[in-house]
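Accompanying notes for the structure given below.
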Amino acid sequence: MSHTHRRDGHGRRRGGPDQARGRPRGVWGAALALACAAALTACGPDGGDADAAGAASDASTSPAATPTGTGTPAEPAPSSPPPTSAAPSASAKPGGIARCETDGLALSLVANGQEMNSKYFDLRLTNTGSEPCDLLGHPGVSLLDAGGKRVGEPATRSQDGTGDGGAVRLRPGQAAHATVKTAGEGVTDGRCWPEAATLLVYPPGSRQTVTTADLAGLKVCGDSFQVGPVGDRAP
């Protein structure tokens with residue numbers, strides 16, 4: 111009996127240290143299990159930290175959103191002004207010489223005979239200035255009565271005369287010539303315009319006029335009133 115008791119007692123003495131050593135292993139094992147579970151939770155595909163990391167990665171690769179500040183927006187850059195065109199010249203200058211202006215021209219009209227049922231007159235524009243000037247083209251010609259009202263219609267253009275369409279250069283004292291033509295009174299059965307008092311002329315290229323009261327017997331008949339281009343000599 112006593113032998114058995116010693117064996118049981120010996121067994122209890124051996125079991126005590128085993129249990130003493132086993133308790134720490136149980137505590138550390140539980141702690142390790144909890145740590146591993148926490149680690150798995152943090153690193154798992156469904157973990158909150160993983161989601162946060164993914165969101166951070168997405169934010170770093172996404173384009174930055176435009177801020178919607180409440181401050182005053184920047185003024186737009188001003189557009190360039192449209193280009194400006196060059197200003198037109200004040201007057202034509204054929205051949206590099208200034209066009210003859212009305213304040214440097216004198217007007218006269220000279221009868222130049224009758225031919226083939228037509229009467230001809232030499233319209234002269236004389237340079238009264240101190241410098242050469244040019245004339246180019248047809249003058250504008252009208253007749254006025256004593257009250258300044260136009261008689262009939264302005265002269266139509268023709269190619270009669272010595273002008274060839276080129277510029278005529280006038281030195282001081284020289285004249286340009288243009289042919290004025292109308293029908294003879296005898297071939298029109300007397301169908302003529304009322305007698306005029308003034309010849310009014312726009313020199314070629316000008317908006318100003320020159321006049322003369324000496325009509326040299328001009329009387330327009332048959333509604334035929336024509337003027338040719340300026341030339342450098344009388345027809």
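Position in the sequence shown (from 1) plus 110 gives the number in the numbering used here. In this text, a Cβ means the ideal position worked out from N, Cα and C, and glycines have one as well.
If you compare the alpha carbons of Lys291, Gly300, Gly276, Ala306 with that of proline 314, the shortest gap goes to Gly276. The beta carbon of glutamine 224 sits closer than 8 Å to those of Tyr230, Gly294, all from its chain and outside the five residues before and after it, given in chain order. In this structure, the CA atom of alanine 208 is about 42 Å from the CA atom of arginine 301. In this structure, glycine 214 lies near asparagine 237, with their beta-carbon atoms less than 8 Å apart.
For leucine 310, the pairing in a beta bridge is given by DSSP as Ser252, Thr321. For glutamate 225, the uninterrupted beta strand (DSSP E) run begins and ends at 215-225, by DSSP.
Rounded to the nearest whole angstrom, the C-alpha separation of proline 282 and serine 240 is 6 Å. With contacts defined by Cβ atoms closer than 8 Å, valine 320 and alanine 265 do not form a contacting pair. Secondary structure at valine 290: strand, using DSSP grouped into helix, strand and coil. Between the beta-carbon of leucine 254 and that of alanine 306 there is about 6 Å, and that keeps the pair under the 8 Å contact cut. Judged by DSSP secondary structure, valine 297 falls outside any beta strand (DSSP E); it is assigned neither H nor E. Nearest in C-alpha terms to valine 330, of all of Gly296, Pro345, Arg317, Pro339, is Gly296. Here valine 251 has Ala265, Val311, Val337 as same chain residues with Cβ atoms under 6 Å from its own Cβ, once five neighbours each way along the sequence are excluded.
Taking the CA atoms as reference points, leucine 309 sits about 7 Å from leucine 325. Distance from the CA atom of glycine 258 to the CA atom of alanine 344, rounded to whole angstroms, is 29 Å.
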